[in-house]
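These notes concern the structure reproduced below.
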Amino acid sequence: MRPPIPNSQAQQALPINPRRGRRFGISELLAAVGSQPPKGYIQWHTWAEVQHNAGLRQSRCAHCGKWKYPQEMSALEETHKGTTRKHGGTVIITKHKVCNECAANGGAKASGA
Ligand SMILES: [Zn+2]
Numbered sequence: 000m001r002p003p004i005p006n007s008q009a010q011q012a013l014p015i016n017p018r019r020g021r022r023f024g025i026s027e028l029l030a031a032v033g034s035q036p037p038k039g040y041i042q043w044h045t046w047a048e049v050q051h052n053a054g055l056r057q058s059r060c061a062h063c064g065k066w067k068y069p070q071e072m073s074a075l076e077e078t079h080k081g082t083t084r085k086h087g088g089t090v091i092i093t094k095h096k097v098c099n100e101c102a103a104n105g106g107a108k109a110s111g112a
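Residue numbers for the sequence shown follow numbering that gives the first Met the number 0, so the first one is 0 and each next one is one higher.
In structure tokens:
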């Protein structure tokens, strides 16, 4: 005689994901909002869906150009200096955040300004 699978009872208690019409998987529940991304491909997509549903939106890293969620961005900023062709050549300085990976690799640089 096999004992009943304890996991099935636990899965009955899991909330239903309204977008998918089925119960949340355990990896979706483990993917906390604002946490760092997991390594695996499928795990990353599950994690990203949780972040997106929580209202977080990606922005581009100023250094590598990859799209990252806010918790993946460092405090470092890259500054870029540009000059307008019209309006008398007004100098514009923009600041953009750099992701954690680029910041750890020393990728952040202050160019222009
Ligand atoms: Zn980057």
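Cβ coordinates follow ideal geometry from the N, Cα and C atoms, glycine included.
Can you tell me which of the three DSSP states Val32 falls into?
coil
Compute the distance between the beta-carbons of Thr78 and Ile91, then report whether it is under 8 Å.
Taking 8 Å as the Cβ cut-off, Thr78 and Ile91 do not qualify as a contacting pair.
Considering Ala47, what are the terminal residues of the alpha helix (DSSP H) in which it resides?
Annotation: the continuous alpha helix (DSSP H) that includes Ala47 extends over 40-52.
For Glu27, which residues of its own chain have a beta-carbon under 8 Å away from its beta-carbon, when the five flanking residues on both sides are left out?
Asn16, Thr45, Glu48, Val49
With a threshold of 7 Å on Cβ separation, who are the neighbours of Trp43 within its own chain once the five nearest residues in sequence on each side are excluded?
Pro36, Pro37
With a cut-off of 8 Å on the beta carbons, I'd call Gly33 and Gln70 a contact; round off their distance for me.
5 Å
Does the beta carbon of Lys80 fall short of 7 Å from some heavy atom of ligand 1?
no
How long is the line joining the alpha carbons of Gly111 and Lys67, rounded to whole angstroms?
In this prediction, Gly111 scores a pLDDT of 39, lower than 50, which makes its location untrustworthy; the coordinate-derived value is nonetheless stated afterwards. If I take the Cα positions, the gap works out to 24 Å.
So is the beta-carbon of Lys96 under 7 Å away from any non-hydrogen atom of ligand 1?
no
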